[in-house]
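2 protein chains.
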Amino acid sequence: MFRDSGRPATPVRKPQQDRSRATRERLISATIDVLATEGWSASTVSVVAERAGVSRGAAQHHFPTRESLITATLEQTFDELTGRASVMYETLPEGPGRVEAAVTRAVDIYTGTQFKAALQVWSAAASDPGLRDLIRPLERKFARAAHRMTVQAIAGDTDDPGVHRLVQATLDMARGLGLADTLSDDSARRKQVVATWSEVLAAALN
Amino acid sequence: MFRDSGRPATPVRKPQQDRSRATRERLISATIDVLATEGWSASTVSVVAERAGVSRGAAQHHFPTRESLITATLEQTFDELTGRASVMYETLPEGPGRVEAAVTRAVDIYTGTQFKAALQVWSAAASDPGLRDLIRPLERKFARAAHRMTVQAIAGDTDDPGVHRLVQATLDMARGLGLADTLSDDSARRKQVVATWSEVLAAALN
Numbered sequence: 001m002f003r004d005s006g007r008p009a010t011p012v013r014k015p016q017q018d019r020s021r022a023t024r025e026r027l028i029s030a031t032i033d034v035l036a037t038e039g040w041s042a043s044t045v046s047v048v049a050e051r052a053g054v055s056r057g058a059a060q061h062h063f064p065t066r067e068s069l070i071t072a073t074l075e076q077t078f079d080e081l082t083g084r085a086s087v088m089y090e091t092l093p094e095g096p097g098r099v100e101a102a103v104t105r106a107v108d109i110y111t112g113t114q115f116k117a118a119l120q121v122w123s124a125a126a127s128d129p130g131l132r133d134l135i136r137p138l139e140r141k142f143a144r145a146a147h148r149m150t151v152q153a154i155a156g157d158t159d160d161p162g163v164h165r166l167v168q169a170t171l172d173m174a175r176g177l178g179l180a181d182t183l184s185d186d187s188a189r190r191k192q193v194v195a196t197w198s199e200v201l202a203a204a205l206n
Numbered sequence: 001m002f003r004d005s006g007r008p009a010t011p012v013r014k015p016q017q018d019r020s021r022a023t024r025e026r027l028i029s030a031t032i033d034v035l036a037t038e039g040w041s042a043s044t045v046s047v048v049a050e051r052a053g054v055s056r057g058a059a060q061h062h063f064p065t066r067e068s069l070i071t072a073t074l075e076q077t078f079d080e081l082t083g084r085a086s087v088m089y090e091t092l093p094e095g096p097g098r099v100e101a102a103v104t105r106a107v108d109i110y111t112g113t114q115f116k117a118a119l120q121v122w123s124a125a126a127s128d129p130g131l132r133d134l135i136r137p138l139e140r141k142f143a144r145a146a147h148r149m150t151v152q153a154i155a156g157d158t159d160d161p162g163v164h165r166l167v168q169a170t171l172d173m174a175r176g177l178g179l180a181d182t183l184s185d186d187s188a189r190r191k192q193v194v195a196t197w198s199e200v201l202a203a204a205l206n
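Taken in order, these protein sequences are the chains called D and R.
Take 1 as the starting number for the first sequence in full-length UniProt numbering and just add one per residue.
Take 1 as the starting number for the second sequence in full-length UniProt numbering and just add one per residue.
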């Protein structure tokens with residue numbers, strides 16, 4: 001009956017494509033989880049497959065090597081963070097609280113689970129030139145997007161090199177706060193640091 | 001003849017103590033080297049012993065476990081960095097360049113080989129509660145010392161909470177700059193960020 005409804009034939013294959021995409025998503029999400037909670041050495045295709053509830057064969061069909069799994073995970077994570085950040089920045093309040101809201105959101109990116117996962121890859125890449133070559137372009141693309149959006153959020157369209165550098169310093173501080181949060185919950189201290197930084201930044205921008 | 005010279009007996013044992021201390025130093029220095037260049041997983045007592053040119057037995061006499069080797073290395077590293085920083089701060093220029101010089105020295109600490117080595121331990125500790133418990137007190141002690149010395153360097157004896165928080169933010173930025181330097185040489189960009197932040201910091205302190 002459905003076949004006679006005049007719909008094109010291709011959508012019939014869709015459920016399989018959806019399943020394949022869902023498997024891929026589950027594997028990537030499990031990779032972030034394993035990286036953030038068990039660290040780099042535990043993050044192999046077979047451990048991730050088990051965590052995702054996916055057979056090892058199916059996992060290897062999507063990601064034949066650990067490198068392909070890690071690269072795809074970082075790629076998607078950075079895209080998601082960039083997408084989420086651009087929506088967040090669109091909803092920032094106008095007025096005096098805007099700079100602090102923008103700094104808070106930048107810091108949120110660097111203190112989340114996805115950053116903790118990325119940190120494990122980063123740290124492994126420090127002693128692995130092959131991995132470093134794979135992740136450096138992803139990291140650069142993400143850093144540029146974060147910088148562009150934060151400049152836009154706090155100062156609009158501007159080429160002012162002073163503003164661009166202040167935003168770089170802000171993102172470096174956010175990265176340092178992310179690192180400080182890996183060994184223990186640093187949220188109370190972080191809140192004060194963000195408030196202080198935002199005040200100084202707002203004054204410098206005026 | 002020496003025994004009859006009237007000297008006490010203990011100094012005769014000194015060369016052996018010196019040798020033992022030198023072996024310990026060589027092992028700690030090799031640990032920093034292996035951590036920074038080959039990463040956490042490579043940093044075992046036997047790999048470090050080989051790098052140091054020390055027999056495995058001698059290495060295990062000093063450090064029976066990997067944890068004891070890593071803890072001793074961080075302890076000594078943080079003590080050395082604190083000692084070196086306190087001397088550096090004593091030689092800071094007076095006048096308008098003082099804040100930038102202090103920020104530069106703080107950033108130097110977080111971009112050196114010792115920080116890169118510590119970062120590997122940090123990253124491993126994120127998924128290892130036992131290691132985390134061992135290194136957290138060392139890290140806290142170091143962070144407090146770095147904070148105290150930087151406050152002293154840029155503002156002298158002061159309890160001003162605003163100054164204390166500005167210095168915290170500065171050290172968070174320094175930590176973020178350290179992280180940014182692990183995948184590639186970030187020194188050119190870092191120099192600009194340090195100059196920009198130092199200017200803002202100096203203005204905020206006045």
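Even glycine gets a Cβ: it sits at the ideal position worked out from N, Cα and C.
Practice task
Answer yes or no: does any C-beta atom of chain R fall closer than 8 Å to that of D:V200?
Solution key: Taking the first sequence and counting its residues from 1, the one referred to as residue 200 of chain D is at position 200. The Cβ of D:V200 sits closer than 8 Å to at least one Cβ of chain R.
Problem - Within chain R, partners of D:R51 - CB distance below 9 Å - result: For the purposes of this step, residue 51 of chain D is taken as the residue at position 51 of the first sequence. Going along chain R, no residue has its Cβ under 9 Å from D:R51, so there is no contact; the nearest lies around 14 Å.
Handout entry: Members of the segment 61 to 89 of chain R near chain D, C-beta cut-off 7 Å
Key = Nothing from the segment 61 to 89 of chain R brings a Cβ to less than 7 Å from some Cβ of chain D.
Problem - Integer-rounded CB distance, given that D:A59 should sit under 8 Å from D:V48 - result: Residue mapping note: residue 48 of chain D aligns to position 48 of the first sequence, counting from 1. Residue mapping note: residue 59 of chain D aligns to position 59 of the first sequence, counting from 1. With a Cβ gap of about 7 Å, D:V48 and D:A59 count as contacting.
Problem - For D:F63, three-class secondary structure by DSSP - result: Taking the first sequence and counting its residues from 1, one reaches residue 63 of chain D at position 63. Correct three-state label for D:F63: coil.
Exercise for the section: May I ask you to report which of helix, strand or coil DSSP gives D:W40? Expected result: In the first sequence, the residue the question calls residue 40 of chain D occupies position 40. D:W40: coil per DSSP, three-state reduction.
Problem - Selected residue, minimal CA-CA separation from R:Q17, among R:H62, R:G53, R:S46 - result: Translated into positions along the second sequence, residue 17 of chain R becomes position 17. The residue from R:H62, R:G53, R:S46 with its alpha-carbon nearest to that of R:Q17 is R:H62.
Handout entry: Cβ-Cβ distance between R:D181 and R:T77 below 8 Å
Key = On the second sequence, position 181 is the one that residue 181 of chain R refers to. On the second sequence, position 77 is the one that residue 77 of chain R refers to. No, they are not a contact pair.
Exercise for the section: Return helix, strand or coil for D:T91, following the three-state DSSP convention. Expected result: Here the question's residue 91 of chain D lines up with position 91 in the first sequence. It is coil, neither helix nor strand.
Problem - Assigned secondary structure, R:L183 (DSSP; H/G/I helix, E/B strand, else coil) - result: Numbered from 1 along the second sequence, position 183 holds the residue referred to as residue 183 of chain R. In this structure, R:L183 counts as coil in the three-state DSSP scheme.
Practice task
Rounded to whole angstroms, what's the CA-CA distance from R:A188 to R:S20? Just pull it up for me.
Solution key: Along the second sequence, one-based indexing puts residue 188 of chain R at 188. Along the second sequence, one-based indexing puts residue 20 of chain R at 20. Approximately 42 Å between the Cα atoms of the pair.
Practice task
Indicate whether R:R66 and R:T44 have their beta-carbon atoms separated by less than 8 Å.
Solution key: Reading the second sequence from its first residue, position 66 is the one you call residue 66 of chain R. Reading the second sequence from its first residue, position 44 is the one you call residue 44 of chain R. Cβ atoms of R:R66 and R:T44: closer than 8 Å.
Exercise for the section: Quick one: give me the first and last residue of the alpha helix (DSSP H) that R:G130 is part of. Expected result: As a working mapping, residue 130 of chain R is identified with position 130 in the second sequence. Per DSSP, R:G130 is one residue of the alpha helix (DSSP H) stretching across 129 to 155.
Handout entry: DSSP state of R:T158 mapped onto helix, strand, coil
Key = Residue 158 of chain R sits at position 158 when you count from the first residue of the second sequence. Residue state, collapsed to three classes: coil.
Exercise for the section: Classify R:G178 as helix, strand or coil using the three-state DSSP reduction. Expected result: By one-based count along the second sequence, residue 178 of chain R stands at place 178. The answer is helix: DSSP assigns R:G178 an H, G or I state.
Handout entry: Short CB-CB distance (under 8 Å) between D:S184 and chain R
Key = For the purposes of this step, residue 184 of chain D is identified with residue 184 of the first sequence, where counting begins at 1. Cβ-Cβ to chain R under 8 Å: yes for D:S184.
Practice task
Rounded to whole angstroms, what's the CA-CA distance from R:S41 to D:G39? Just pull it up for me.
Solution key: In the second sequence, counting from the first residue as 1, residue 41 of chain R sits at position 41. In the first sequence, counting from the first residue as 1, residue 39 of chain D sits at position 39. Each residue's CA atom was taken as its position, placing R:S41 and D:G39 some 11 Å apart.
Practice task
Taking 8 Å as the threshold, find out whether the segment 134 to 153 of chain R comes into contact with the segment 135 to 143 of chain D through three or more Cβ pairs.
Solution key: Result no; under three Cβ-Cβ pairs closer than 8 Å.
Exercise for the section: Name, please, each residue of chain D whose Cβ falls closer than 7 Å to the Cβ of R:L177. Expected result: Within the second sequence, numbered from 1, the residue matching residue 177 of chain R stands at position 177. Residues of chain D passing the Cβ test: D172.
Practice task
Please report how far the alpha carbon of R:L92 lies from the alpha carbon of R:E100, in whole angstroms.
Solution key: Taking the second sequence and counting its residues from 1, one reaches residue 92 of chain R at position 92. Taking the second sequence and counting its residues from 1, one reaches residue 100 of chain R at position 100. One C-alpha to the other measures close to 10 Å.
Exercise for the section: Kindly say whether R:V193, judged by its beta-carbon, lies nearer than 8 Å to any beta-carbon of chain D. Expected result: Looking up residue 193 of chain R in the second sequence gives position 193. Judged by the 8 Å Cβ criterion, R:V193 is in contact with chain D.
Handout entry: Enclosing alpha helix (DSSP H) for R:A126 [first to last residue]
Key = Your numbering for residue 126 of chain R matches position 126 in the second sequence. Note, R:A126: premise wrong, no alpha helix (DSSP H); not H, not E.
Exercise for the section: Check each candidate in D:A30, D:K14, D:P15, D:L171 and name the one with the smallest Cα separation from D:T104. Expected result: The sequence position of residue 104 of chain D within the first sequence is 104, counting from 1. Ranking D:A30, D:K14, D:P15, D:L171 by Cα distance to D:T104 puts D:L171 first.
Practice task
Thinking R:A126 and R:L205 are a contact (beta carbons under 8 Å), I'd like their distance in whole angstroms, please.
Solution key: Here residue 126 of chain R refers to the residue found at position 126 when the second sequence is read from its first residue. Here residue 205 of chain R refers to the residue found at position 205 when the second sequence is read from its first residue. Their Cβ separation, rounded to whole angstroms, is 34 Å, which puts R:A126 and R:L205 out of contact at 8 Å.
Exercise for the section: Use the C-beta contact count for residue 217 of chain R: other C-beta atoms within 10 angstroms, 16 or more gives buried, fewer gives exposed. Expected result: In the structure as shown, chain R begins at 1 and stops at 206. Residue 217 of chain R is therefore absent and cannot be evaluated.
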